[in-house]
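Each protein sequence line maps, in turn, to chains A, B and C. Note that the first sequence covers residues 134 to 317 in my numbering. Note that the second sequence covers residues 99 to 922 in my numbering. Note that the third sequence covers residues 142 to 323 in my numbering. Okay, structure first, notes after.
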Amino acid sequence: MGIEEKLPSGVLLTTVEGVAGYFRKASFWPATFGLACCAIEMMTSGGPRYDLARYGMEVFRASPRQADLMIVAGRVSQKMAPVLRQIYDQMAEPKWVLAMGVCASSGGMFNNYAIVQGVDHVVPVDMYLPGCPPRPEMLIDAILKLHDQVQHTKLGVNRQREVLEQETQQLNALPTSEMKGLLR
Amino acid sequence: MTVTPSKAGSNAPAPQDLVTLTIDGIETSVPKGTLVIRAAEQIGVQIPRFCDHPLLAPVGACRQCLVEVAMPGPDGELRTMMGPPGRVKPQASCTLPVAEGMQVKTQLTSPIADKAQQGVMEQLLINHPLDCPVCDKGGECPLQNQAMTNGRGESRFQEVKRTFPKPINISAQVLLDRERCVLCARCTRFSEQVAGDPFIALVERGALQQVGIYEKEPYRSNFSGNVIQICPVGALTSADYRFRARPFDLVSTPSVAEHDSGGAAIRVDHRRGKVVRRLAWNDPEVNEEWITDKDRFAFHYANRPDRLTHPQVRDGETGELRPASWPEAFAVAARGLRAAGRVGVLTGGRLTREDAYGYAKFARVALGTNDIDFRSRPASAEEEQFLASRVAGRGLGVTYTDLERANAVVLLGLEPEEEAGTLFLRLRKAYRAGGTRIFAVAPFTSNGLRKLGATVVKAAPGEEVPAIEQLAHDGELALDGGGVILVGERLATVPGALSAVAVLASQTGARLAWVPRRAGDRGALDAGCLGSVLPGGRPLADAGARVDVGAVWGSTVPTVPGRDTDGILAAAAAGELGGLVVAGVDLDDLADPTAARAAVASAGFVVSLELRASAVTEHADVVFPVAPVAEKPGSFVSWEGRVRPFEKVLEGSNAVPDVRVLAGIADELGTPLGFQTIEAAAAELDEFASWDGERAADPTVAASPAAPAPAGSHRLATWKTMIGDGPMQDGDPAYHASGPTPTVLVSAATLESLGAAVGDQVELSTDTGTAVLAVGVADLADDVVWAPTSSGGVNLGRDLGAGAGSAVRLSLVPAAAPAVQEAM
Amino acid sequence: MPTLKEQFWDPVAGFGVTFRTMFRKVVTEQYPKEKKPTAPRFHGRHQLNRWPDGLEKCIGCELCAWACPADAIYVEGASNTEDARFSPGERYGRVYQINYLRCILCGLCIEACPTRALTMTNEYELADATREDLIYEKQDLLAPLLPGMEQPPHPMRLGNDDGDYYRGTFRRQDDETGEATQ
């Protein structure tokens with residue numbers, strides 16, 4: 134992405150990682166993507182009672198280019214999927230996606246032809262939030278967990294090492310055909 | 099299955115036998131003697147019922163089918179059937195035959211009938227527990243359904259329901275929840291009337307009335323599973339299926355039972371990729387609504403842990419089997435078979451018609467040999483000739499319905515209850531109807547023959563031929579064109595017997611049918627899995643037949659007649675055959691299991707197509723996993739000659755049928771079979787029109803008098819019991835425990851001379867080995883004993899090296915164990 | 142033309158609202174620093190309960206799976222044996238999975254459960270980064286072992302048969318003596 138990706142491994146890189154993570158999580162602007170009932174809870178989260186402003190997140194950006202986090206709140210219909218992807222593509226890196234509610238996460242109870250069975254079919258999801266709809270506390274909890282994830286994002290060589298490790302782990306994992314029930 | 103099937107082909111009534119009556123204002127004419135409940139069904143009026151079953155005698159036990167009936171009196175005026183003065187008495191429509199001019203009002207038009215039915219339903223539900231959510235029957239329960247359609251919305255019963263401890267075993271397989279029972283007596287009537295095993299009955303009186311068994315006498319029957327299916331509530335459940343699934347979980351597929359040659363229609367229910375239960379399917383032409391316990395419960399074999407899942411090749415260095423890819427296994431098998439030179443093919447009795455055809459063509463086209471035999475049991479050349487002349491490619495011959503119409507049925511070398519359960523039930527039906535007399539040549543009057551009311555012509559093993567010859571002159575039997583001769587596969591072991599049967603059939607004009615034990619035997623014969631028989635019953639010796647077959651195959655047919663199973667194994671052991679292709683043969687079934695094992699072990703190159711690890715795969719050089727019946731389409735041919743097609747049950751399975759494996763090997767050999775799928779094989783097999791040319795002549799083997807047993811020993815009579823040992827019966831302990839105890843049967847005099855009592859353990863021994871079984875008594879000749887061929891862990895061939903007619907010694911096993919305990 | 146009041150007084154009056162609010166109690170909840178308890182019957186994460194002796198209440202009947210409108214529950218029952226008993230009675234749930242990415246926390250499964258094996262807790266912090274982690278297995282759902290409970294498999298400690306358990310006539314552990322009393 135930038136110079137931080139080119140840094141050699143070592144103290145400098147970890148310091149930059151820490152600083153970059155801190156800056157990123159501390160200015161975390163959500164792009165609104167309210168699609169259904171979850172959006173009501175999402176709006177409540179931004180309101181005075183739950184007050185996302187405590188984390189500098191009160192401004193739900195209507196313009197994707199100024200946003201870092203896409204909160205997909207609600208069921209994504211097949212028709213909405215390309216729109217969603219376009220919004221995602223218009224967001225500037227680094228960017229994150231939070232699937233809010235079971236419909237966005239997996240299709241939820243709408244296991245039918247009209248609904249995308251999980252927004253991760255369209256965009257990479259960093260945090261799944263169950264609930265139907267999740268209460269604002271749950272959303273805040275998910276965002277904080279995401280903050281934590283952002284804070285600890287690796288860069289450069291460390292990132293490559295992490296990717297390699299994850300890949301090895303996945304290759305050695307139990308194949309889904311051997312798994313039981315819902316995991317299959 | 100409580101709705102009467104439309105019985106095509108069964109005695110259609112003459113028009114003058116019709117009775118006209120009115121049901122719910124609709125006039126209808128039905129044959130005389132029809133019950134009102136069935137007449138109502140025919141015009142589409144469903145009267146609720148529990149005890150009524152079209153195949154059981156009416157009993158009127160549950161009183162659910164009450165209707166209002168009016169009859170014209172002598173003056174022609176309609177009079178409603180009355181009870182106490184001024185009150186209509188509703189009648190049970192399941193026991194009431196129709197009468198001319200009868201006016202029936204069901205619950206649809208009569209408030210009286212409706213109220214009566216609701217009252218009965220309420221009474222039945224008083225003591226019925228509300229455990230539908232955890233009941234196996236919930237979702238397919240006639241009581242549940244009819245309580246919804248014909249019951250009250252609410253219960254008025256405030257008191258405490260009667261409870262029983264639950265469940266109790268009435269056999270190892272069948273469990274009884276007494277509080278659920280509505281006392282319809284379907285199970286007791288089935289066991290008494292249809293199966294002839296009256297081990298269950300209604301005991302006690304009043305509110306305590308319940309289905310019971312005799313003390314210390316469980317409900318042991320080969321057909322006990324049927325009572326579970328016909329129970330209209332969840333009172334009878336099977337240990338095997340209990341709590342495994344709910345009806346709405348299951349995907350049901352009609353199929354055909356693979357355990358005997360009866361061709362019984364079944365329904366296979368599967369869930370999550372596994373078969374969880376099998377039920378009888380209604381086929382009035384074949385099995386009606388009954389199947390044997392083997393067909394019902396023996397299906398776990400396909401899910402055993404030793405199921406083969408991938409091809410294996412014997413590693414040249416380690417000598418062990420190692421997993422291989424399909425292409426590699428095909429290549430190795432083809433290379434080995436080519437190097438082996440002459441190869442024999444043993445197909446066993448479990449193949450479908452299509453798979454058998456694949457083997458028949460594979461042997462002739464790809465291997466260029468006629469060394470192929472489907473008979474994995476004691477067999478003879480006489481039998482081969484008999485099959486070629488009388489059975490192969492004959493199409494539909496004697497049918498189940500013919501048995502009911504026959505004036506006499508002769509059973510030769512056949513114990514229907516154990517070896518062909520579906521046939522047994524139909525014979526019993528024919529016997530009970532009274533028109534059919536049943537004769538049997540057997541060493542003793544078995545339970546099955548007693549239930550058929552059979553006249554037994556006793557013949558010790560090996561001495562059947564004179565008895566058969568005598569039948570032609572038997573005045574009591576008076577066999578003629580209206581008679582049927584049923585020949586079992588066991589007769590092959592008696593020299594001259596099948597020749598005598600052919601003569602008997604020709605002399606008397608009686609119709610002849612061959613009843614093998616295994617489901618695949620008749621299909622394999624028709625497909626040409628026999629050394630001297632080509633597909634469609636064409637004799638190999640006939641040049642025209644060879645040209646016929648060659649034209650379809652596009653190649654020449656080898657002319658040298660093939661060896662039989664024993665010959666192939668002997669040749670393999672002697673090195674005359676360089677290789678073997680073996681499919682699903684259990685070596686313990688053969689006449690000499692020890693020699694067979696040695697032959698397979700010493701054969702140059704063995705290709706095994708198997709479902710599970712076996713004695714053959716142990717020694718095989720290449721092992722291919724093949725699909726069990728539930729995982730492939732196909733067809734079996736029943737003993738009637740009826741083709742019984744079935745579809746793939748487990749759609750998700752990737753298991754490969756034998757035909758596909760053979761096609762793969764043939765492709766590698768450079769002689770493609772021309773088909774790779776079951777459907778294509780069936781299409782090619784159907785191209786063979788039935789053979790109208792010359793057939794092989796009847797066998798003319800002279801009887802050789804049986805050698806009397808040496809002093810101190812007995813001649814062995816033996817056959818396989820239905821519930822016994824075998825790879826296709828593995829996996830369900832309750833099923834094995836539900837069958838009759840494996841027992842050695844001796845004559846009363848022998849029992850006395852042994853000093854044993856019924857139930858004691860006796861030891862059977864030969865020079866080869868010994869086996870211990872319980873002893874029982876039967877009307878055997880004094881020098882004959884009977885033992886099951888393969889039951890209770892004892893296999894006579896493997897453990898004793900003995901078969902039918904062998905000499906065995908008997909001795910009492912001292913009851914040592916209790917004595918030791920007392921001493922301590 | 143706006144009046145003088147509208148021109149000068151109204152804008153200032155608006156700040157009055159702001160000013161007044163400064164002295165009011167703050168409504169903002171300080172989650173996650175201060176977690177306000179949910180309503181007692183809030184539908185949160187599920188829990189598989191145990192009998193007081195540690196045996197599981199689940200009998201593997203799958204009614205929860207059938208009640209579930211979102212197909213989020215998977216159950217596989219198995220038979221208890223004398224050597225390995227996990228619940229009173231004949232059957233227990235061998236595999237129990239809830240997919241929280243499908244579950245809408247509607248509570249129909251709770252209503253369907255015939256043994257009260259499945260109930261809901263008030264726990265709601267469920268977010269996670271992967272789909273797999275949100276499929277909770279039996280060990281994630283089972284209630285923790287309280288004092289006096291014993292990890293199954295073990296024989297029925299509180300009664301002779303499952304009827305004693307269901308009717309609640311089992312012996313209660315006497316805390317002081319540790320002896321079982323009726």
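Built from N, CA and C at the ideal position, the CB exists for glycine as well.
Pairing CB atoms from the region 507-515 of chain B with CB atoms from the region 620-628 of chain B, are three or more of them under 8 Å? no
Determine whether the beta carbon atoms of residue 860/B and residue 451/B lie at a separation below 9 Å. no
Examine chain C for any beta-carbon lying closer than 9 Å to the beta-carbon of residue 352/A, and answer yes or no. Chain A is shown from 134 up to 317; residue 352/A falls before or after that span and cannot be answered.
Roughly how many angstroms separate the alpha carbons of residue 748/B and residue 655/B, rounded to a whole number? 37 Å
Around the C-beta of residue 790/B, are 16 or more other C-beta atoms found within 10 angstroms, so that it is buried, or is it exposed? exposed
Going by DSSP, what residue range makes up the alpha helix (DSSP H) through residue 783/B? 776-785
Under 9 Å, do residue 782/B and residue 773/B count as touching if we go by C-beta distance? In this structure, residue 782/B places its C-beta atom within 9 Å of the C-beta atom of residue 773/B.
Mind checking the region 274-287 of chain C against chain A and listing, in chain order, the residues whose C-beta falls within less than 9 Å of any C-beta there? 274, 275, 276, 278
Taking only runs of the alpha helix (DSSP H) that begin and end inside the region 138-200 of chain A, which ones reach a length of at least 4 residues, in chain order? 144-159, 170-179
Per the DSSP calculation, residue 116/B is bridged to which residue(s)? 129/B
For residue 161/C, decide whether its Cβ has a neighbour in chain A, counting only Cβ atoms nearer than 9 Å. no
Give me the residue from 232/C, 191/C, 245/C, 310/C with the minimum Cα distance to residue 209/C. 245/C
Beta bridge counterpart(s) of residue 948/B as assigned by DSSP: Chain B is shown from 99 up to 922; residue 948/B falls before or after that span and cannot be answered.
So, is the C-beta of residue 210/C closer than 9 Å to a C-beta in chain A? yes
Count the other CB atoms within 10 Å of the CB of residue 115/B; is the residue buried (16 or more) or exposed (fewer)? exposed
Can you tell me where the beta strand (DSSP E) with residue 538/B in it begins and where it stops? 535-540
Does any heavy atom of the ligand SAH sit closer than 8 Å to the C-beta of residue 763/B? For the ligand SAH, the structure offers nothing, since it holds no ligand at all.
Where residue 212/B falls: helix, strand or coil (DSSP): helix
How about residue 275/B: is its C-beta nearer than 9 Å to some C-beta of chain C? no
Establish whether the CB of residue 232/B and some CB of chain D are separated by less than 9 Å. Structure shown: chain D not included; protein chains present are A, B and C.
In whole angstroms, what is the alpha-carbon distance linking residue 848/B and residue 346/B? 56 Å
Buried or exposed: where does residue 515/B fall if 16 or more other Cβ atoms within 10 Å of its Cβ makes it buried? buried
Are the Cβ atoms of residue 187/A and residue 222/C separated by less than 9 Å? no
Report the neighbours of residue 292/C on chain A: residues whose CB is nearer than 7 Å to its CB, in chain order. Here the premise fails: no neighbours, minimum Cβ distance about 21 Å.
9 Å Cβ cutoff met for residue 270/C and residue 221/A: no
Please state if the CB of residue 441/B and the CB of residue 732/B are separated by a distance shorter than 9 Å. no
Less than 9 Å separating the beta-carbons of residue 374/B and residue 322/B? no
Contact between the region 178-186 of chain B and the region 249-259 of chain B: three or more CB pairs below 8 Å? no
Please classify residue 470/B: does DSSP put it in a helix, a strand, or coil? strand
Using the beta-carbon of each residue, which ones in chain C are nearer than 8 Å to residue 262/B? Those do not exist, as residue 262/B stays about 12 Å from chain C at its closest Cβ, beyond 8 Å.
Please state if the CB of residue 522/B and the CB of residue 569/B are separated by a distance shorter than 9 Å. no
Beta-carbon separation (whole angstroms), residue 725/B vs residue 753/B, contact threshold 8 Å: 3 Å
In its own chain, which residues sit with a C-beta less than 6 Å from the C-beta of residue 145/B, not counting the 5 before and 5 after it? 135, 138, 163, 191, 204
6 Å Cβ shell around residue 715/B - same chain, five flanking residues per side excluded: 706, 708, 721
List, from N- to C-terminal side, the alpha helix (DSSP H) runs of 4 residues or more that fit wholly inside the region 382-424 of chain B. 391-395
Once DSSP output is grouped into helix, strand and coil, what is the label at residue 269/C? strand
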